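Asks: Dropping the structure in here first, questions after.
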Amino acid sequence: MSILARDHTAGSPPLHPGTAGRVRSVLASSGPTIGTSVTIAVALWFSLAPSLLPRTSSTQGLVSGLVVVLALAVRAGIARMRAPRPARVSGETEVRYLAASVAAASVVIAGTGAHHWQNALREAMGQAQIGPRYWLDVFVTASIVAALLVFSARAVRTILRNRRGRRIAVTIGTACLATWFAAGSALLSPAPGAPDPTSLSPLPSAAGLAGSKDSLVGWDTLGREGQRFVSLASAGSAVRTYVGLESAPDVPERAALAVRELERAGGFDRAHLVLAVPTGSGWVDAHAVEGFEARWGTDVAIVAQQYSDAPSWMTFLTDRDAAAESARTLTSAVRAHVDGMPASHRPEVHVYGQSLGASGAAAAFPDAEPGSCDTVLSGPPAGMSPPGGTVLANSSDPVVWWQPSLLWSPPDLSHARVDAPVPPWLPVITFAQTTVDLLTSLDAAPGHGHRYGQDQAQCTP
6 MSILARDHTA GSPPLHPGTA GRVRSVLASS GPTIGTSVTI AVALWFSLAP
56 SLLPRTSSTQ GLVSGLVVVL ALAVRAGIAR MRAPRPARVS GETEVRYLAA
106 SVAAASVVIA GTGAHHWQNA LREAMGQAQI GPRYWLDVFV TASIVAALLV
156 FSARAVRTIL RNRRGRRIAV TIGTACLATW FAAGSALLSP APGAPDPTSL
206 SPLPSAAGLA GSKDSLVGWD TLGREGQRFV SLASAGSAVR TYVGLESAPD
256 VPERAALAVR ELERAGGFDR AHLVLAVPTG SGWVDAHAVE GFEARWGTDV
306 AIVAQQYSDA PSWMTFLTDR DAAAESARTL TSAVRAHVDG MPASHRPEVH
356 VYGQSLGASG AAAAFPDAEP GSCDTVLSGP PAGMSPPGGT VLANSSDPVV
406 WWQPSLLWSP PDLSHARVDA PVPPWLPVIT FAQTTVDLLT SLDAAPGHGH
456 RYGQDQAQCT P
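Residue numbers (our numbering): 6 to 466.
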């Protein structure tokens, strides 16, 4: 009694046994389980694994938030299939908080490693370093993304619990899909002859350019990428031939038209003739054009033949053989014409391609000498074995890395030049990180990622 009296006198009333129990109950119910702590930590390690390219804070936050929610969803699904969870045992609350602390510390360690890796990439690519503000933005973005995904999942689950809600969900989902496909078709696949709405380039005045007044190829048939190609700044004597999808009805006729247009423009009178195989969208890299014209001056002609106007990734997935067919047909038509010329007047023929165009260029000239200018392949897709010629591939280019087998085996980088720190290969994780890097592969400066500069023309003559 004396002890209790002293405590009461000191102003510190004893904690009622019932109150203490409620406090322990609140702590036990509010703290994360050991499995949740481990799941979140592993998910964050996964999302912070080394990437090929620098990440913005918004991209990293989006990736981290998405991976955490997916990991928790998988864990919840597994938990439902297991036996009911046993009752808590004495001391479990303390263990759970200890596990949460260890998990948090491990995430800090992973974040420190990611911080140094991101800055190493930025230093190699001439970008500004990141600081604490970057990680604050990552945390906020990841938290918002995770909260939105969890809220959306719970809302959908609530709606689907009754029949009327299921009907509404199906109707809304169908309408959204229809709208998405319609908008995607309109935005990503414009009419082949449609001009670039952002381009104000006038009709070419130089006689050597396709689409000019004297050209056999109409300006309106070039399509947006063809118009961009011939509108690049150049000397007045440049010869650039481009045959769009609307310029002729099929591949053989486009190749025949390209030969006639080259002959009209004087392309066969140049010492060098570059057959540029476009990407799936019809795009020809301006840096490559500038590189070839800077190297050979007015003694080079460049010709390109379009085989698709869909985004390159879509063409790669659905019709990658189109590049090879178009390149082979054009090469055969041009070579047939060159072979009919006097030997002393024949131009040296080179085949160039980037990305999907590189696979077409390789198929068109399989007997090229290694290191020669017979073929120039920039950023060839992973899994392609360049037969010869000159290969230019950045080690930070996700296109050079990405293929399904990256899930279980490391990439072949034997033909790549090291332009930035190369991340270690990790099963599954590297595949996922490279997939994310594909989305920003064109945001780097030339010489990094899926961007190449005028050095594409630096092959051995």
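We put the beta carbon where it would ideally sit given N, CA and C, even for glycine.
As the structure is a prediction and not an experimental result, all values here were calculated from the model.
1. Which residues bound the alpha helix (DSSP H) around Leu-397?
2. For the alpha helix (DSSP H) containing Glu-374, name the first residue and the last one.
3. Suppose contacts are defined by Cβ-Cβ distances below 9 Å. Is Gly-384 in contact with Ala-373 by that definition?
4. Taking buried to mean at least 16 other C-beta atoms within 10 Å of its own C-beta, is Val-423 buried or exposed?
5. Would Pro-403 and Ser-364 be called neighbours here (beta carbons separated by less than 9 Å)?
6. In three-state DSSP terms, what is His-453?
7. Consult DSSP for His-342 and reduce its assignment to one of helix, strand or coil.
8. To which residues of the same chain is Trp-122 closer than 6 Å at the C-beta, ignoring the five residues directly before and after it?
9. On the three-state DSSP scale, how would you describe His-121?
10. Looking at C-beta atoms only, is the number of pairs between the stretch 287-296 and the stretch 325-338 that lie closer than 8 Å three or more?
11. Leaving out five residues before and five after Arg-80 in sequence, what residues of the same chain have Cβ atoms less than 8 Å from its Cβ?
12. Rounded to the nearest angstrom, how far is the Cβ of Ser-468 from that of Leu-57, given a contact under 8 Å?
13. Classify Lys-218 as helix, strand or coil using the three-state DSSP reduction.
14. Express the C-alpha separation of Pro-37 and Glu-99 in angstroms, rounding to a whole number.
15. Specify, as a first and last residue, the run of the alpha helix (DSSP H) that Gln-65 falls within.
16. Leaving out the 5 sequence neighbours to the left and right, which residues in its chain are closer than 6 Å to Ala-306 when beta-carbon positions are compared?
17. For the pair the stretch 254-263 and the stretch 225-234, tell me if three or more CB-CB distances fall below 8 Å.
18. Helix, strand or coil for His-420? Go by DSSP, reduced to three states.
19. Reducing DSSP to helix, strand and coil, say where Glu-251 ends up.
Replies: The structure says:
1. Position 392 of the sequence shown, counting from 1, holds the residue named residue 397. Going by DSSP, Leu-397 is part of no alpha helix (DSSP H) but of the beta strand (DSSP E) stretching over 395-397.
2. As a first step, residue 374 is located in the sequence shown; it is residue number 369 there, counting from the start. For Glu-374, no alpha helix (DSSP H) run applies, since DSSP gives it neither H nor E.
3. Numbered from 1 along the sequence shown, position 379 holds the residue referred to as residue 384. Numbered from 1 along the sequence shown, position 368 holds the residue referred to as residue 373. No.
4. One-based indexing of the sequence shown puts residue 423 at position 418. By the neighbour-count criterion, in which a residue is buried when 16 or more other Cβ atoms sit within 10 angstroms of its Cβ, Val-423 is exposed.
5. To locate residue 403, count along the sequence shown from 1; it is residue 398. To locate residue 364, count along the sequence shown from 1; it is residue 359. No, the Cβ-Cβ distance between Pro-403 and Ser-364 is not below 9 Å.
6. In the sequence shown, the residue the question calls residue 453 occupies position 448. Coil.
7. Your numbering for residue 342 matches position 337 in the sequence shown. Helix at His-342.
8. Working through the sequence shown from its first residue, we reach residue 122 at position 117. Closer than 6 Å at the Cβ level, and outside the excluded window around Trp-122, lie Pro-55.
9. Within the sequence shown, residue 121 is the residue found at index 116, counting from 1. Helix, per DSSP.
10. Touching, no.
11. Position 75 of the sequence shown, counted from the start, is the residue given in the question as residue 80. Non-local C-beta neighbours of Arg-80 in its own chain, meaning closer than 8 Å and more than five positions away in sequence, comprise Gly-40, Thr-41 and Thr-44, ordered along the chain.
12. The structure shown does not extend to residue 468, since the chain is modelled only from 6 through 466, so no value can be given for it.
13. Here residue 218 is taken as the residue at index 213 of the sequence shown, counted from 1. Residue state, collapsed to three classes: coil.
14. For the purposes of this step, residue 99 is taken as the residue at position 94 of the sequence shown. For the purposes of this step, residue 37 is taken as the residue at position 32 of the sequence shown. Taking C-alpha positions only, Glu-99 is separated from Pro-37 by approximately 11 Å.
15. For the purposes of this step, residue 65 is taken as the residue at position 60 of the sequence shown. 62-86 is the span of the alpha helix (DSSP H), which, as asked, contains Gln-65.
16. Looking up residue 306 in the sequence shown gives position 301. Answer for Ala-306: Val-244, Gly-272, Arg-275 and Leu-278, listed in chain order.
17. Two segments are said to touch when three or more pairs of C-beta atoms, one from each, lie closer than 8 Å; by this definition the stretch 254-263 does not touch the stretch 225-234.
18. As a position in the sequence shown, residue 420 is number 415, starting the count at 1. Reduced to three states, the DSSP call for His-420 is coil.
19. Position 246 of the sequence shown holds residue 251. Shown here, Glu-251 sits in coil according to DSSP, grouped into three states, outside any helix or strand.
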